[in-house]
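K.L.:
The structure is given below, and queries will be raised subsequently.
Protein chains: 2
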Amino acid sequence: MASGYDFCPRGITRRSLGLLFAGADMGSASVGGTPERPVVTVQLSDGALRALAARVGQSLPVGNEGAGTVVGAGSSSEAQGLLARTVAIAGGAMYTQYRAADASACLVLPEGTPARTGASSFVNPLTALGMLETMRREGHSALVHTAAASNLGQMLVKVCLEEDVPLVNIVRRPEQADLLRSIGAVHVCNSSASTFNTDLTEAIAQTSATLAFDATGGGTLVSQILRAMEVAATTSAAQYSRYGSTVRKQAYIYGGLDPGPTVLTRNFGFAWSLEGWLLTPFLQSIGPVRLGQLRDRVAANLTTTFASGYSDEISLKDMLDPTVFSRYSKHSTGEKFLLNPQLFD
Amino acid sequence: MASGYDFCPRGITRRSLGLLFAGADMGSASVGGTPERPVVTVQLSDGALRALAARVGQSLPVGNEGAGTVVGAGSSSEAQGLLARTVAIAGGAMYTQYRAADASACLVLPEGTPARTGASSFVNPLTALGMLETMRREGHSALVHTAAASNLGQMLVKVCLEEDVPLVNIVRRPEQADLLRSIGAVHVCNSSASTFNTDLTEAIAQTSATLAFDATGGGTLVSQILRAMEVAATTSAAQYSRYGSTVRKQAYIYGGLDPGPTVLTRNFGFAWSLEGWLLTPFLQSIGPVRLGQLRDRVAANLTTTFASGYSDEISLKDMLDPTVFSRYSKHSTGEKFLLNPQLFD
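Protein sequence lines correspond, in order, to chains A and V.
For the first sequence, my numbering begins at 70 and goes up steadily by one.
For the second sequence, my numbering begins at 70 and goes up steadily by one.
Structure representation (structure tokens):
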């Protein structure tokens, strides 16, 4: 069933960067090789090198997802039906000009959709939908989300508005709060504000959120969220219990924007759970039928709810240019790069 | 159905101390009042006081569990049948000379069992059995336990030996390791040893333990355990994955011997979960039939598997004596106090 595809643009995600640069400080990288085949070298600390021992010497293909035009297909009618259509896939090894993929793995985009529009059809849209799906499956009725001004965060704001799900957005800067409010976000808390803990507790009390998705990982933010949930739960409790409230508080860490340790002060009783959350095992857990429904919803709303914005479009060669990678390795809000492997300068 | 009981000795647990002293530094306590009715006063920090705002002005009865002779009973045949028997209960408010309790809540001890033997029939034995029950319900096959030289830890060693469940014990001192080995423990790791991380990884690899119960809470120990599980899981993996192994790693924090923050370095992939664990909601979750089976098992083995050792027996008045409370508030391994409210000096 394998078909040949011309896979064009794909967004450069933090996940791909982790694989590409192994978490190294790219400010200390040096560029050698030839202009046609540049080689970037960067030193890893001893500790980081030990942690990465299992990948030393391995050639690892990069790129989670992308979209492109089908330029060749196998003989099956399913594969033949895809010829000349724009499709998106999330199969790894996407930083390439041509990519073979199973026909069944292709998300067929509406006729006329440019590849650029479909380049980020999987990870962010399905993560946003996956958060809501997790919320319902585990019996919660509202969400807390951190790093909420990201492309993903903006999708989540839109999806929650569509489904009338209360959402508490946590951002780091006032302009990020303004951005989210401009697309309809109701509860936005700025973690840099001196009133943050009070603001967060108030927003959680208003929404009864007992589930959080955290993209930062490091620092005290998850602990502050669990504490705010606990304070919101106990404020109305008549009886003091030294074990805390019986309200179940759940937080998932799904990213590591802050690579430092997660610090939990545990001032939120015993009815809490903190877990890692990854898209792929989650999608496996919901089964192919439900996954198909979610994918169809994404395809039908790629230019509205699930639209991704890009600040720059770069070529494969640009990726190894120090003036370019020093920018895209910074993970700044508002800067999102699109890799176009068919771009030549 | 309420019956009158003469409730004698009960162990002084860390949980009761948290309620009694509110986590205050008892080294700075002063004793006033009269010899007959001493009053202990201790200063709380502003932060601690804020955290305890909900209990200010409340009179809170103390004592999780105890045992004693039934000296009076209601008219029902169930209650009458308990007269003159030794029973144990875990109903709170146990630091008292007489205690009324529901007949159905009484664990009837074998004829002739002294109250002292039954004083700790609930919390430690059912916690040890609860850990094994949790292990089976969640599909794990081996356990890691911290602060493993405690009374509870020794019970867990015995129960795991009886059921042939591999157990990795973590202690802080060589003499605690010796103690556990003397009662049959196979895997004992000393967290103060320079080889601790290697020792722990080796023991986890040998036992395939993917579930840990941690009594300490604070510090990096939970993180080290999850890391050791991850290393054990990936050592044999052929392919490097930047998301870590797919082996599910679970840790429960069930105590707070170290009141400092829990510090997670998150170098253990995304397939992990850290949760609070409390005995009471766990027992509610397994239902009355299974709880009855566990209770019967405890009653039948109180002098063997579930025997508790006490270093001291003290009176209610002793509890407020500074030379005594400075000792029992220290939580030292090997020192366990039995409160006997019928003791007068």
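Beta carbons are placed, not taken as given, at the ideal position from N, Cα and C, and that holds for glycine.
Once DSSP output is grouped into helix, strand and coil, what is the label at A:Ile252?
P.N.:
Note: A:Ile252 maps to coil in three-state DSSP.
K.L.:
To the nearest angstrom, report how far apart A:Tyr312 and A:Phe339 are at their CA atoms.
P.N.:
Whole-angstrom Cα-Cα distance: 6 Å.
K.L.:
On the premise that A:Thr279 lies in contact with A:Gln319, defined as a C-beta separation below 8 Å, what is that separation, rounded to the nearest angstrom?
P.N.:
About 6 Å; that satisfies the 8 Å criterion.
K.L.:
Three-state secondary structure (DSSP) at A:Ala94?
P.N.:
For clarity, residue 94 of chain A is Asp in the given sequence; the question names Ala instead. Three-state DSSP puts A:Asp94 in coil, outside helix and strand.
K.L.:
Is the CB of V:Glu344 under 8 Å away from at least one CB in chain A?
P.N.:
V:Glu344 counts as touching chain A.
K.L.:
Within 10 angstroms of its Cβ, does A:Ser16 collect 16 or more other Cβ (buried), or is it exposed?
P.N.:
For chain A, the structure presents residues 70 to 414; residue 16 of chain A sits outside this window and is missing.
K.L.:
Based on the DSSP secondary-structure assignment, which residues constitute the bridge partners of V:Cys258?
P.N.:
Answer is V:Ile239.
K.L.:
My output table needs one value for V:Asp327: the three-state DSSP class, helix, strand or coil.
P.N.:
Three-state DSSP puts V:Asp327 in a strand.
K.L.:
Express the C-alpha separation of A:Gly199 and A:Ala218 in angstroms, rounding to a whole number.
P.N.:
Distance between the alpha carbons of A:Ala218 and A:Gly199 is about 18 Å.
K.L.:
Going by alpha carbons, who is nearest to A:Val108 out of A:Pro410, A:Val140, A:Phe394 and A:Gly208?
P.N.:
Comparing Cα-Cα distances from A:Val108 to each of A:Pro410, A:Val140, A:Phe394 and A:Gly208, the minimum goes to A:Phe394.
K.L.:
Buried or exposed for V:Pro194, please, with buried defined as at least 16 other CB atoms from any protein chain shown within 10 angstroms of its CB.
P.N.:
Buried, since its Cβ has 16 or more Cβ neighbours within 10 Å.
K.L.:
Taking DSSP's pairing of strands, which residues face V:Ala281 in a bridge?
P.N.:
DSSP lists V:Val213 and V:Ala320 as partners of V:Ala281.
K.L.:
Provide the residue span of the beta strand (DSSP E) that contains V:Pro107, from first to last.
P.N.:
Note, V:Pro107: beta strand (DSSP E), Pro107 to Thr110.
K.L.:
Of all Cβ atoms in chain V, is any one closer than 8 Å to the Cβ of A:Leu88?
P.N.:
Taking Cβ atoms only, chain V reaches closer than 8 Å to A:Leu88, which makes this a yes.
K.L.:
Our contact map puts V:Pro235 next to V:Ala211 with C-beta atoms below 8 Å; I'd like the distance itself, whole angstroms only.
P.N.:
Confirmed, about 4 Å.
K.L.:
Identify whether A:Tyr379 lies in helix, strand or coil by the three-state DSSP scheme.
P.N.:
In this structure, A:Tyr379 counts as coil in the three-state DSSP scheme.
K.L.:
Under the rule that 16 or more other beta-carbon atoms within 10 Å means buried, what is V:Ile252, buried or exposed?
P.N.:
Label assigned to V:Ile252: exposed.
K.L.:
Identify each residue in the segment 217-229 of chain V for which the Cβ-Cβ distance to at least one residue of chain A is less than 8 Å, and report them in chain order.
P.N.:
Result list empty, no residue passes.
K.L.:
Taking Cβ to Cβ, would you say V:Ala46 is nearer than 8 Å to V:Thr165?
P.N.:
Outside the displayed range of chain V (70 to 414) lies residue 46 of chain V, so it cannot be described from this structure.
K.L.:
Cα separation between A:Tyr397 and A:Ala297?
P.N.:
Roughly 34 Å between the two C-alpha positions.
K.L.:
Less than 6 Å between C-beta atoms, sequence neighbours within five positions excluded: which residues of the same chain meet that for V:Gly102?
P.N.:
Result list for V:Gly102: Val108, in chain order.
K.L.:
Roughly how many whole angstroms lie between the Cα atoms of A:Tyr149 and A:Thr182?
P.N.:
Strictly speaking, residue 149 of chain A in this sequence is Gln, with Tyr absent from that position. Their backbone Cα atoms lie some 19 Å apart in a straight line.
K.L.:
Going straight from the alpha carbon of V:Ala368 to that of V:Arg250, what length do you get?
P.N.:
Cα-Cα distance, rounded: 26 Å.
K.L.:
Helix or strand or just coil, what does DSSP make of V:Leu151?
P.N.:
It is coil, neither helix nor strand.
K.L.:
Should V:Pro330 go down as buried or exposed, given a rule of 16 or more other Cβ atoms within 10 Å for buried?
P.N.:
Its Cβ being crowded by 16 or more others within 10 Å, V:Pro330 is buried.
K.L.:
Hey, quick one: how far does the beta strand (DSSP E) through A:Leu407 stretch, first residue to last?
P.N.:
Element bounds for A:Leu407: Phe406 to Leu408.
K.L.:
Would you list, in chain order, the members of the segment 327-342 of chain V that have their beta-carbon closer than 9 Å to a beta-carbon of chain A?
P.N.:
Cβ contacts with chain A come from Pro328, Gly329, Pro330, Thr331, Val332, Leu333, Thr334, Arg335, Asn336, Phe337, Gly338, Phe339, Ala340, Trp341 and Ser342.
K.L.:
Mind listing the chain A neighbours of V:Leu347? Cutoff is C-beta to C-beta under 8 Å, in chain order.
P.N.:
Ordered by position in chain A, the residues that pass the 8 Å Cβ test against V:Leu347 are Tyr312, Phe339 and Ala340.
K.L.:
When we look at the beta-carbon of V:Phe413 and count the other beta-carbons within 10 Å, is it buried (16 or more) or exposed?
P.N.:
Looking at its Cβ environment, which holds fewer than 16 other Cβ atoms inside 10 Å, V:Phe413 is exposed.
K.L.:
Is there a C-beta anywhere in chain D that falls below 8 Å from the one on V:Thr315?
P.N.:
Reference to chain D is not applicable here, since the protein chains of this structure are A and V.
K.L.:
For the alpha helix (DSSP H) containing A:Glu271, list its first residue and its last residue.
P.N.:
It spans Phe265 to Thr276 - the alpha helix (DSSP H) in which A:Glu271 sits, taken as one unbroken run.
K.L.:
Could you round the C-beta distance between V:His214 and V:Leu225 to whole angstroms and report it? I think they count as a contact, below 8 Å.
P.N.:
About 6 Å; that satisfies the 8 Å criterion.
K.L.:
Distance, Cα to Cα, A:Ala302 vs V:Asn238?
P.N.:
Whole-angstrom Cα-Cα distance: 36 Å.
K.L.:
How about A:Asn409 and A:Ser384: are their beta carbons less than 8 Å apart?
P.N.:
Cβ atoms of A:Asn409 and A:Ser384: closer than 8 Å.
K.L.:
At a Cβ threshold of 8 Å, is V:Gly208 touching chain A?
P.N.:
Chain A contact via Cβ: absent.
K.L.:
Do you know offhand how far A:Gln112's Cα is from A:Leu121's?
P.N.:
Roughly 13 Å between the two C-alpha positions.
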